[in-house]
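Below you'll find the structure, written out as structure tokens, and then a few comments.
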Amino acid sequence: MPGLLLTDRQKMVIQFRKEGMTQQEIADELKTTRSNISLIEKAANDNIRLAKEALDYIYSLEATLVCTLSAGSELTQEIFLIYKAARQTGIKVQYDTGALLSRILTAVPEKISDGTIREDINVYLNLTGIIYIY
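Quick look at the structure:
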């Protein structure tokens, strides 16, 4: 079916990797090369990342920008700005500090290095307390 997010081959590779198989084991199973499996896996992960970004964007349309974490600052210190900004809106953030740190690190790893924010990070909050990070 055209327009699917992942090809059947990408789905198989992702499933095999989740089961703990190495790229070489998958290549042997599918009768191809390890480098081909590497390319398939990378393409699948890129597609998954893009889909997550698209969904986050759609969800953020119903959210409000509550603060921007500034480049050059330490993430562990800046994170408290999120809670402060959320309090001002009267919305309770649904994450404790550890979960919020993890969410930020997962959402924008390219904007953080060794705990330091390398690029400004925009933080959005919806009415139910869910945070979206860009």
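For what it's worth, the working numbering labels the leading residue of the sequence shown as 220, then goes sequentially.
Idealized CB from N, CA, C, for every residue including glycine.
In this text, all values refer to a predicted model and were calculated from it rather than measured experimentally.
Classification of residue i by the beta-carbon crowding that lies within 10 angstroms, buried from 16 upward
i: GLN229; result: buried
i: ILE323; result: buried
Alpha-carbon spacing of residue i relative to residue j, whole angstroms
i: LEU284; j: ILE336; result: 18 angstroms
i: GLN313; j: LEU249; result: 43 angstroms
i: SER321; j: LYS330; result: 14 angstroms
i: LYS261; j: ASP339; result: 27 angstroms
i: GLU238; j: ASP247; result: 15 angstroms
i: THR251; j: ARG268; result: 25 angstroms
i: ILE277; j: GLN307; result: 24 angstroms
8 angstroms Cβ cutoff met for residue i and residue j
i: THR295; j: GLY334; result: yes
i: GLN242; j: ILE256; result: yes
i: LEU344; j: ALA305; result: yes
i: GLY348; j: LYS311; result: yes
i: ALA273; j: LEU225; result: no
i: ILE298; j: THR316; result: yes
According to DSSP, residues forming a beta bridge with residue i
i: THR283; result: LEU344
i: ILE350; result: LEU344
Residue-chain proximity (residue i, chain B), Cβ-Cβ < 8 angstroms
i: SER254; result: Protein chains in the displayed structure number just one, and chain B is not present.
Whole-angstrom C-beta distance between residue j and residue i, which should lie under 8 angstroms
i: TYR351; j: ALA282; result: 5 angstroms
i: ILE301; j: VAL342; result: 5 angstroms
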